[in-house]
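Colleague: Here it is, the structure, as structure tokens.
There are 2 protein chains.
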Amino acid sequence: MSAIPPAARPGMALAEIDTPSLILDLSAFEDNLRAMQALAERHDVALRPHAKAHRCPEISQRQIALGAQGICCQKVTEAAVFIDAGITDIHISNEIVGTAKLDLLARLAGQASLTVCVDNLSALQDLSDALVRQETTLGVVVEIDLGQKRCGVQKPAEAVALAQAAEAAPNVTFRGIQAYHGGIQHKRSLEQRRQSCEAAARRVGRFMAALDKAGLTCEVVTGGGTGTAAFDAASGVYTEIQPGSYAFMDGDYGSLEWGESLVLRHSLFVQGTVMSTPTPNRAVVDIGLKSTTAESGLPRPIDLPDVRSVALHDEHLMLEAQTSQHRPALGSVLRVVPGHCDPTFNLHDELVTVRQGKVEALWPIRARGYSR
Amino acid sequence: MSAIPPAARPGMALAEIDTPSLILDLSAFEDNLRAMQALAERHDVALRPHAKAHRCPEISQRQIALGAQGICCQKVTEAAVFIDAGITDIHISNEIVGTAKLDLLARLAGQASLTVCVDNLSALQDLSDALVRQETTLGVVVEIDLGQKRCGVQKPAEAVALAQAAEAAPNVTFRGIQAYHGGIQHKRSLEQRRQSCEAAARRVGRFMAALDKAGLTCEVVTGGGTGTAAFDAASGVYTEIQPGSYAFMDGDYGSLEWGESLVLRHSLFVQGTVMSTPTPNRAVVDIGLKSTTAESGLPRPIDLPDVRSVALHDEHLMLEAQTSQHRPALGSVLRVVPGHCDPTFNLHDELVTVRQGKVEALWPIRARGYSR
């Protein structure tokens with residue numbers, strides 16, 4: 006589609022960017038990267054930021070340059086894109102099942118240092134078989150369910166059996182455990198999150214004790230996200246933390262109560278244009294479900310305190326102004342904070358980075374759509 | 006990413022397709038295309054299927070081959086992709102605002118027969134100016150708000166003023182009105198939809214009377230969607246209907262009450278793999294918010310009546326089986342009906358078409374991501 010001009014060019018003013026576009030405020034983004042890196046270093050844990058949040062290698066490269074140990078990915082094809090972009094240390098924080106995926110994973114294990122989660126003995130055997138076929142090796146991490154009711158083993162005895170099987174199976178090495186609880190991340194109260202993290206750490210401790218008793222050492226205890234990073238890093242249980250959204254501070258995370266130990270700023274926005282003002286209080290913006298998502302709340306027009314979002318359709322965001330004086334004008338350009346960064350990034354092919362009101366660069370979201 | 010094998014190849018069995026993948030059952034799809042074309046012909050209205058539902062030119066080409074008049078698009082860049090694929094008659098069923106978009110639209114008007122919606126005098130002037138700059142012409146359709154509270158003029162007098170301005174402005178021609186009500190489409194009861202359509206048709210009639218009184222002829226009255234197509238086509242008011250989802254019958258439309266006049270089948274599925282079975286009743290599938298959406302209900306495992314969806318995370322669909330006997334096995338492949346086809350298509354780069362259990366072809370979703 007050579008006839009379509011790019012949405013933005015370096016040096017362009019913010020208001021000239023064609024819409025809808027995904028915008029990264031570099032100043033806030035860099036502050037966020039430094040804040041999380043400093044937190045991890047304060048507590049002597051490794052930072053392994055999650056790349057599923059953004060799928061953009063340019064972002065991972067900046068996190069690693071600041072001291073991150075490596076990255077997390079959630080999917081094998083996603084990891085392939087990051088390896089292709091030069092990232093060499095990846096933990097796949099998810100279970101991988103199926104011959105096509107295992108064969109690709111085993112091939113990638115020859116190109117980068119990889120670990121992957123397991124929660125099932127027969128899946129572990131299939132993984133080992135694929136690695137034997139490709140003549141490669143990788144580390145496995147036993148995932149434990151902290152109460153999220155997603156993946157992960159339920160009981161310490163299961164973790165011990167899996168770790169022992171990993172020690173015995175060819176081409177895999179037992180490396181430790183993954184303990185992640187997505188639900189805790191989004192609890193509004195800081196105190197609630199602190200208490201949930203303490204309970205989670207006690208549960209992790211019981212699993213570690215069982216493994217230890219069986220003579221199995223957890224070199225890695227990985228988990229934690231943006232909402233609990235400060236507690237997880239300080240818990241003494243985790244050796245590394247996996248936050249992803251911290252770099253962007255989406256609307257959902259922005260609505261939580263935060264303490265002093267981690268201060269993050271909104272850096273990610275979707276920019277839109279008011280395309281219809283059919284009544285004195287209504288403005289319709291050209292942002293829809295194809296440029297952001299609504300499952301964690303509607304995108305919020307951050308620069309317009311007297312205007313609220315009322316609905317998000319496939320191609321339209323409906324705004325309602327308190328009075329007609331506050332309604333943005335037809336053709337005006339505005340920014341919204343997306344409710345949830347991960348699926349929003351996955352709708353865009355590029356990220357327009359801006360500094361001091363001007364476009365600095367366009368970063369390709371190279372792993373956009375790589376969900377196999 | 007040459008290292009990543011394709012998700013499917015022609016001739017492959019259904020269960021061999023790598024997951025998550027978007028699957029089109031060609032037999033059901035072709036039945037749906039024929040059913041809507043027959044409905045339109047029965048009532049002597051034109052069928053102009055909406056391409057925003059799928060963004061895949063291969064689909065539009067098949068609709069046109071069966072007798073569709075042309076297509077609708079919602080965005081200028083989306084239309085550019087369809088024009089590039091050889092579609093020559095496109096109605097942009099949306100308001101277009103902003104210099105970059107208007108310049109592209111005016112250039113495209115030199116390559117295909119286009120109409121576009123207007124609901125504002127100054128936006129109409131900007132459109133005319135862009136067409137004069139590019140030395141092209143197009144038709145404008147005045148959008149009226151049927152009560153959806155999105156875009157569109159509120160009063161007949163506004164429609165008359167816009168139509169008169171369109172008649173007077175250089176390089177644009179007044180063609181008629183667009184009357185679409187998204188909300189009515191999804192009312193569950195057939196009788197409720199019938200009554201809402203009658204009320205809508207009466208409102209359209211009032212606008213047409215005002216235009217007629219001013220000496221303005223509506224050559225085109227366009228609108229209607231999958232949920233109301235049977236009523237809109239029979240109303241005597243519409244000259245063409247714009248359904249899009251009918252070709253796929255997503256979960257949301259599938260939950261409505263349907264009559265005898267239009268029988269549609271589910272043709273669109275997301276195929277996934279069970280990647281974790283951590284408890285006797287729980288199965289976790291590798292389908293998430295990056296391969297389907299949840300704003301119109303969770304995706305539903307259609308072949309497993311004793312299994313229900315309980316949550317959709319970024320990369321995981323949680324299923325709960327009534328008993329452990331009904332839980333799908335680790336590694337098994339299953340199909341879900343997406344809640345909402347439009348944003349689901351927009352997450353995939355290709356559509357795997359299947360017939361009698363085998364892959365027939367891969368159709369690129371060429372306008373995926375083209376939202377400017």
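Keeping their order, the protein sequence lines are chains Y and E.
Using the numbering used here, the first residue of the first sequence is number 6, and each one after it goes up by one.
Using the numbering used here, the first residue of the second sequence is number 6, and each one after it goes up by one.
The beta-carbon is built from N, C-alpha and C at its ideal position, and this holds for glycine as well.
On a predicted model such as this, the values are computed, not experimentally measured, just so you know.
I want to verify the contact list: residues of chain E whose CB lies under 9 Å from the CB of D257 of chain Y, in sequence order.
Modeller: Chain E residues near D257 of chain Y: none, gap ~12 Å exceeds 9 Å.
Colleague: Does the Cβ of P11 of chain E have 16 or more other Cβ atoms within 10 Å, making it buried, or fewer, making it exposed?
Modeller: Looking at its Cβ environment, which holds fewer than 16 other Cβ atoms inside 10 Å, P11 of chain E is exposed.
Colleague: Give the DSSP-derived three-state secondary structure of H96 of chain E in the structure shown.
Modeller: Three-state result, H96 of chain E: strand.
Colleague: Going by beta carbon distance, what residues of the same chain come within less than 6 Å of F253 of chain Y, once the five residues before and after it are set aside?
Modeller: The answer, listed in chain order, is S272, L273, C346.
Colleague: Cα-Cα, which of E:T297, E:H318, E:R332 is closest to V312 of chain E?
Modeller: Comparing Cα-Cα distances from V312 of chain E to each of E:T297, E:H318, E:R332, the minimum goes to E:R332.
Colleague: Straight-line CA distance for D36 of chain Y to L269 of chain Y?
Modeller: Going by the C-alpha atoms only, they are around 8 Å apart.
Colleague: Going by CA-CA distance only, name the one from Y:Q169, Y:G115, Y:L221, Y:E140 that's closest to D94 of chain Y.
Modeller: Comparing Cα positions, the closest option is Y:G115.
Colleague: Exposed or buried, what is V315 of chain Y when buried is set at 16 or more other beta-carbons lying within 10 Å of its beta-carbon?
Modeller: Burial call: exposed.
Colleague: Taking the CB atoms as reference points, tell me whether E140 of chain Y and C122 of chain Y lie closer together than 7 Å.
Modeller: It is not a contact, given that the beta carbons lie outside the stated cut-off.
Colleague: Name, going along the chain, the residues of the segment 278 to 304 of chain E whose beta-carbon falls closer than 8 Å to a beta-carbon of chain Y.
Modeller: Flagged, chain order: T278, V279, M280, S281, T282, P283, T284, R287, V289, D291, G293, L294, K295, S296, T298, A299, E300.
Colleague: Taking only beta-carbon atoms, is G374 of chain E less than 7 Å away from chain Y?
Modeller: Interface residue, yes.
Colleague: Rounded C-beta distance between K160 of chain Y and S376 of chain Y? I'm assuming under 8 Å.
Modeller: Not quite, the Cβ-Cβ distance comes to about 31 Å (not below 8 Å), so this is no contact.
Colleague: Have a look at Y:C156, Y:G72, Y:S301, Y:A215 and flag the residue whose alpha-carbon is nearest the alpha-carbon of Q183 of chain Y.
Modeller: Per the Cα distances, Y:C156.
Colleague: For the beta strand (DSSP E) holding L29 of chain Y, just list the boundary residues, first then last.
Modeller: Segment 26 to 30, the beta strand (DSSP E) holding L29 of chain Y.
Colleague: Under 8 Å by Cβ, that's how I've got S111 of chain E and C78 of chain E pegged, so tell me the actual separation to the nearest angstrom.
Modeller: According to the sequence provided, residue 111 of chain E is Ala. The question's Ser does not apply to it. About 15 Å separates the two Cβ atoms, so there is no contact after all.
Colleague: Does the beta carbon of C78 of chain Y come closer than 7 Å to any beta carbon on chain E?
Modeller: It does not; no Cβ of chain E falls within 7 Å.
Colleague: Helix or strand or just coil, what does DSSP make of P175 of chain Y?
Modeller: In this structure, P175 of chain Y counts as coil in the three-state DSSP scheme.
Colleague: So, at 8 Å on beta carbons, what are the nonlocal neighbours of G210 of chain E in its own chain, with the 5 sequence-adjacent residues on each side left out?
Modeller: Same-chain partners within the cutoff: V242.
Colleague: Should Q327 of chain E be labelled buried (16 or more other beta-carbon atoms within 10 Å of its own) or exposed?
Modeller: Flag for Q327 of chain E reads exposed.
Colleague: On a Cα-Cα basis, can you pick out the residue from Y:G232, Y:V145, Y:G277 that is closest to V225 of chain Y?
Modeller: For V225 of chain Y, the nearest C-alpha among the options comes from Y:V145.
Colleague: So what does DSSP say about Y243 of chain E, is it helix, strand or coil?
Modeller: Y243 of chain E falls in the coil class under three-state DSSP.
Colleague: Is any heavy atom of the ligand MG found at a distance shorter than 6 Å from the C-beta of T93 of chain Y?
Modeller: In the structure on display, the ligand MG does not appear, and there are no ligands present to speak of.
Colleague: Can you tell me which of Y:C61, Y:A73, Y:A105, Y:D108 puts its alpha carbon nearest to the alpha carbon of F87 of chain Y?
Modeller: If we check each option's Cα against that of F87 of chain Y, Y:C61 comes out closest.
Colleague: Round the Cβ separation of S26 of chain Y and V357 of chain Y to the nearest angstrom and send it over; I've been treating them as touching at under 8 Å.
Modeller: Yes, S26 of chain Y and V357 of chain Y are in contact; Cβ-Cβ is about 5 Å, under 8 Å.
Colleague: Return no unless some Cβ of chain Y is closer than 7 Å to the Cβ of L136 of chain E.
Modeller: No, because no Cβ of chain Y sits closer than 7 Å to the Cβ of L136 of chain E.
Colleague: Let me see if you follow: with CB-CB separation under 7 Å, is E320 of chain E close to chain Y or not?
Modeller: Yes, its Cβ sits closer than 7 Å to a Cβ of chain Y.
Colleague: Which chain Y residues sit within Cβ distance under 9 Å of A8 of chain E?
Modeller: Chain Y residues near A8 of chain E: A85, I88, D89, L109, R112, L113, Q116.
Colleague: Under 7 Å, Cβ to Cβ, is there at least one residue of chain E near E262 of chain Y?
Modeller: Not closer than 7 Å to any Cβ of chain E, the Cβ of E262 of chain Y fails to qualify, so no.
Colleague: For D291 of chain Y versus T278 of chain Y, is the C-beta spacing smaller than 7 Å?
Modeller: A contact, by the Cβ cut-off of 7 Å.
Colleague: Closer than 9 Å between beta carbons: that is the criterion. Which residues of the segment 320 to 340 of chain Y meet it against chain E?
Modeller: Cβ contacts with chain E: E320, H321, M323, L335, G336, V338.
Colleague: Please compile the residues from chain E whose C-beta is within a distance smaller than 9 Å of the C-beta of P348 of chain Y.
Modeller: Under the 9 Å cutoff, chain E gives G293, L294, K295, T298, D319, L352.
Colleague: Give me the Cα-Cα distance between L151 of chain Y and S266 of chain Y, rounded to the nearest whole angstrom.
Modeller: Between L151 of chain Y and S266 of chain Y, the C-alpha separation is close to 24 Å.
Colleague: Which residues of chain Y have a Cβ atom closer than 9 Å to the Cβ of S127 of chain E, listed in chain order?
Modeller: L335, G336, listed in chain order.
Colleague: Are L19 of chain Y and Q42 of chain Y closer than 7 Å when you measure CB to CB?
Modeller: No, these two residues do not count as a Cβ contact at 7 Å.
Colleague: Nearest chain Y C-beta to V102 of chain E closer than 7 Å, yes or no?
Modeller: With 7 Å as the cut-off, V102 of chain E counts as an interface residue toward chain Y.
Colleague: Give me the subset of the segment 139 to 156 of chain E whose CB atoms are less than 8 Å from a CB atom of chain Y, sorted by chain position.
Modeller: For the segment 139 to 156 of chain E, which is checked against every Cβ of chain Y, the residues closer than 8 Å are D150, K154, R155, C156.
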